[in-house]
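> Read in numbering that gives the first Met the number 0, the sequence shown has 220 at position 221, and its numbers run on one by one without any break. Attaching a single structure in structure tokens format; questions to follow.
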Amino acid sequence: MPAIILKPGREKSLLRRHPWIFSGAIQRVEDEPLSGGTIDLLSSNQQFLARASYSPNSQIRARVWTFENELVDKEFFRKRIRATVDTRQKLNVESQSNAYRLIYAESDGIPGLIVDRYGDVLVLQSLTTGSEFWKETLADLLLEETGLSTLYERSDADVRELEGLDSKVGLLRGNLSSLIFPITEHNLKFNVNLQSGQKTGFYLDQRANRLRVRGLAKDKDVLDGFCYTGGFTLNALAGGARSVISIDSSADALALAKENVALNDLPSEKTNFLEGDVFQLLRKFRDENRSFDMIILDPPKFAPTAAQAERAARGYKDINLLAFKLLRPGGMLVTFSCSGGIDAGLFQKIIAGAALDAGVDAQIVEHLSQNIDHPVSLYFPEGAYLKGLVCIKK
Ligand code: SAH
């Protein structure tokens, strides 16, 4: 078995069961491992620590499959996949939606592999050489363990470049009559574009928070910044909002959002969809002295890693400061960050700074996070990326 021998003292993170080995921790690589192939991770005194996949081009040079001295083969992955299916059943995720995350990579013990279920269609995203190496096996197992027959691939995330992988999109198994797929989340229908929608088509992580907004939106004038295909917008309307202004920079997302309002017979006369930049439009609204009872901000990842945290912090502060100004007294800010590089504590500080600079007082009434189908391994805190705050402006 090819192996990585670590520098002295660099086994510490593995002993705490963190699954990554960075290039700087490596003393030498033995026996020319294949890209994505299985290797042993050994301490500087040759002790077995873990069995991992090898990523020759990435700073994260190895990702642990197992800390046991066990065979990594089809049956190994079958057990892991079966466990993820069992967890979702235990959590009764299907009572929330027929679209949910079935496998969440490191957090579910299968680094590099994301699998989202949209009704009877599985959508696979392979992010590393390790998941790529085992892709055909994983594809077979996914169908065997779920009893489904269609698997679509959306391996077009930017992070693949760090692994030296090209983008791949298309059908891996079975048939699809249409790439626009209807899902039902908490009794609302959404059309999802499996081929060109963002992520694997839908932001499954925000499900519980969208429902929360439904419960808070009655009779409110709502602004949904970064609305994508209408997730929060539809929930606000379903919750009895008086009006909803929804902004996104993507014309495709807005077209689908409008379609989704119609699909549910929600009152389209209460909606106003604007194609544009939230940063600019919030400024314009401020200059026009507009005001709202509820503002939702769910921007894209400004800081994928801690290195971009400072610039990202300025972005978050900017939009939240403007939002605090645009809120009426007693109004609610529902604000999120999905940046891995910004943790919950820092996010709360940024929001406090935004309120301070806006000259307002506000209180946090709720902390929000990612939905239950995006679990977090205790050994891999990086898996907790989505944080949200509900604040009331005094
Ligand atoms: N809340 C949504 C998901 C939002 S994802 C849901 O529940 O489904 C973030 C969205 O922000 C994407 O749709 C992206 O197109 C949009 N976006 C990114 N930068 C933007 C900007 N500067 N102004 C407006 N929209 C932007």
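Virtual Cβ for every residue (Gly too), placed ideally from N, Cα, C.
With distances taken Cα to Cα, identify the nearest neighbour of Ser154 among Asp139, Lys134 and Lys6.
Mapped onto the sequence shown, residue 154 falls at position 155. Cα-wise, what sits closest to Ser154 is Lys134.
> So, helix, strand or coil for Gly146, using DSSP?
Sequence index remark: in the sequence shown, residue 146 carries index 147 (1-based). Looking at Gly146 - three-state DSSP - the assignment turns out to be coil, as it is neither helix nor strand.
> By a C-beta neighbour count over all protein chains shown, 10 Å radius and 16 as the cutoff for buried, is Gln26 buried or exposed?
As a first step, residue 26 is located in the sequence shown; it is residue number 27 there, counting from the start. Exposed is the call here.
> Would you list the residues sitting across from Lys386 in a DSSP beta bridge?
Translated into positions along the sequence shown, residue 386 becomes position 387. Beta-bridge pairing links Lys386 to Ser336 and Ser368.
> With which residues is Asp180 paired in a DSSP beta bridge?
Along the sequence shown, one-based indexing puts residue 180 at 181. It is Phe, not Asp, that sits at residue 180 in the sequence shown. Partner(s): Val191.
> Smallest Cα separation from Lys188: which of Thr232, Gly146 and Thr199?
Counting from one through the sequence shown, the residue named residue 188 turns up at place 189. Checked all of Thr232, Gly146 and Thr199; the closest Cα to Lys188 is Thr232.
> Mind checking whether Asp247 and Leu255 have CB atoms under 7 Å apart?
Counting from one through the sequence shown, the residue named residue 247 turns up at place 248. Counting from one through the sequence shown, the residue named residue 255 turns up at place 256. No, the pair does not count as a contact, with Cβ atoms beyond the cut-off.
> Under 6 Å from any heavy atom of the ligand SAH, does the C-beta of Ala252 make it?
The count along the sequence shown starts at 1 and reaches residue 252 at position 253. Within the cutoff, so yes.
> Could you check which residue in Lys257, Asp220, Leu236 and Ala306 has the C-alpha nearest to that of Gly330?
Your numbering for residue 330 matches position 331 in the sequence shown. Residue Asp220 is the option with its Cα nearest to Gly330.
> Quick one, which of Leu273, Val243, Asp264 and Glu258 has its alpha-carbon nearest Ser249's?
The residue given as residue 249 occupies position 250 in the sequence shown. For the residues Leu273, Val243, Asp264 and Glu258, the minimum Cα distance to Ser249 belongs to Leu273.
> Would you say Phe231 touches the ligand SAH, meaning its beta carbon is less than 6 Å from a heavy atom?
Position 232 of the sequence shown, counting from 1, holds the residue named residue 231. Yes, the Cβ of Phe231 comes within 6 Å of a heavy atom of the ligand SAH.
> Could you tell me the distance, in whole angstroms, from the CA atom of Leu147 to the CA atom of Asn370?
Position 148 of the sequence shown, counted from the start, is the residue given in the question as residue 147. Position 371 of the sequence shown, counted from the start, is the residue given in the question as residue 370. Distance between the alpha carbons of Leu147 and Asn370: 24 Å.
> Using 10 angstroms around the beta-carbon of Ser94, count the other beta-carbons present and answer buried if the total reaches 16, otherwise exposed.
Your numbering for residue 94 matches position 95 in the sequence shown. Its Cβ having fewer than 16 others within 10 Å, Ser94 is exposed.
> Taking 7 Å as the cut-off, decide whether the C-beta atoms of Phe180 and Leu193 are in contact.
Position 181 of the sequence shown, counted from the start, is the residue given in the question as residue 180. Position 194 of the sequence shown, counted from the start, is the residue given in the question as residue 193. Their beta carbons are under 7 Å apart, which means Phe180 touches Leu193 by this criterion.
> Quickly, what does DSSP pair Gln124 with across the bridge? List them, please.
Your numbering for residue 124 matches position 125 in the sequence shown. Paired residue(s): Ile113.
> Ends of the beta strand (DSSP E) at Glu29?
For the purposes of this step, residue 29 is taken as the residue at position 30 of the sequence shown. Ile25 to Glu29 is the extent of the beta strand (DSSP E) around Glu29.
> Please report the residue range of the beta strand (DSSP E) in which Lys167 lies.
Counting from one through the sequence shown, the residue named residue 167 turns up at place 168. Element bounds for Lys167: Lys167 to Arg172.
> Quick one: using the 10 Å Cβ neighbour count with 16 as the cut-off for buried, is Val243 buried or exposed?
Here residue 243 corresponds to residue number 244 of the sequence shown, with the count starting at 1. Burial call: buried.
> Could you tell me the alpha carbon to alpha carbon distance between Glu143 and Lys73, rounded to whole angstroms?
As a position in the sequence shown, residue 143 is number 144, starting the count at 1. As a position in the sequence shown, residue 73 is number 74, starting the count at 1. Rounded to whole angstroms, Glu143 to Lys73 spans 12 Å at the Cα level.
> Cα separation between Pro299 and Ser338?
What you label residue 299 is simply residue 300 of the sequence shown in a count that begins at 1. What you label residue 338 is simply residue 339 of the sequence shown in a count that begins at 1. Going from the Cα of Pro299 to the Cα of Ser338 covers about 8 Å.
> Cβ-heavy atom distance between Tyr53 and the ligand SAH below 6 Å?
Here residue 53 refers to the residue found at position 54 of the sequence shown. False, no ligand heavy atom lies under 6 Å from that Cβ.
> Report back the beta-carbon spacing between Arg49 and Thr65 to the nearest angstrom; my notes put them in contact at under 8 Å.
Mapped onto the sequence shown, residue 49 falls at position 50. Mapped onto the sequence shown, residue 65 falls at position 66. The question names Arg, yet the displayed sequence has Ala at residue 49. With 8 Å as the limit, Ala49 and Thr65 qualify as a contact, their Cβ atoms being about 7 Å apart.
> Can you check DSSP and say which residues form a bridge with Phe272?
Here residue 272 refers to the residue found at position 273 when the sequence shown is read from its first residue. For Phe272, which the question treats as bridged, DSSP gives the partners Ser245.
> If you follow the beta strand (DSSP E) that Ala159 is in, where does it begin and where does it stop?
Along the sequence shown, one-based indexing puts residue 159 at 160. Just to set this straight, residue 159 is Arg in the shown sequence, not Ala. Run containing Arg159: none; DSSP gives neither H nor E here.
> Is the beta carbon of Glu162 less than 7 Å from the beta carbon of Thr127?
As a working note, residue 162 is residue 163 in the sequence shown. As a working note, residue 127 is residue 128 in the sequence shown. Yes, they are a contact pair.
> Starting from the C-beta of Asp360, find all residues in its chain whose C-beta is less than 8 Å away, skip the five residues before and the five after it, and write them out in chain order.
On the sequence shown, position 361 is the one that residue 360 refers to. Excluding residues within five positions, the ones whose Cβ falls inside 8 Å are Ala354, Lys392 and Lys393.
> The alpha helix (DSSP H) that contains Val375, what's its start and end?
Here the question's residue 375 lines up with position 376 in the sequence shown. Looking at the DSSP string, Val375 is not in any alpha helix (DSSP H), and its letter there is neither H nor E.
> With the cut-off set at 7 Å, would you say Val71 and Thr37 are in Cβ contact?
If you number the sequence shown from 1, residue 71 lands on position 72. If you number the sequence shown from 1, residue 37 lands on position 38. Contact flag set, yes.
> Please name the residue or residues paired with Gly224 in a DSSP beta bridge.
Stepping through the sequence shown from its first residue, residue 224 is reached at position 225. Ile246 and Leu296, per the DSSP bridge assignment.
> Nearest to Ala312 by CA position, among Gln279, Ile350, Phe284 and Met293, is which residue?
On the sequence shown, position 313 is the one that residue 312 refers to. It is Ile350.
> Could you check which residue in Asn190, Arg209, Asp85 and Ile363 has the C-alpha nearest to that of Leu141?
Mapped onto the sequence shown, residue 141 falls at position 142. Closest option to Leu141, Cα to Cα, is Asp85.
> Is Arg79 closer than 7 Å to Tyr99 when the C-beta atoms are compared?
Stepping through the sequence shown from its first residue, residue 99 is reached at position 100. Stepping through the sequence shown from its first residue, residue 79 is reached at position 80. The answer is no: Cβ separation not under 7 Å.
> Among the residues of its own chain, which have a CB less than 7 Å from the CB of Asn208, if the five just before and after it don't count?
Taking the first residue of the sequence shown as position 1, residue 208 is located at position 209. The residues are Leu367 and Gly387.
> Return the chain-ordered ranges of every beta strand (DSSP E) run that is complete within the segment 55-113 and spans a minimum of 3 residues.
Within the segment 55-113, the complete beta strand (DSSP E) runs of at least 3 residues are 59-65 and 98-103.
> Around the Cβ of Asp165, are there at least 16 other Cβ atoms within 10 angstroms (buried) or fewer (exposed)?
Numbered from its first residue, the sequence shown carries residue 165 at position 166. Counting Cβ neighbours within 10 Å, Asp165 comes out exposed, since fewer than 16 surround it.
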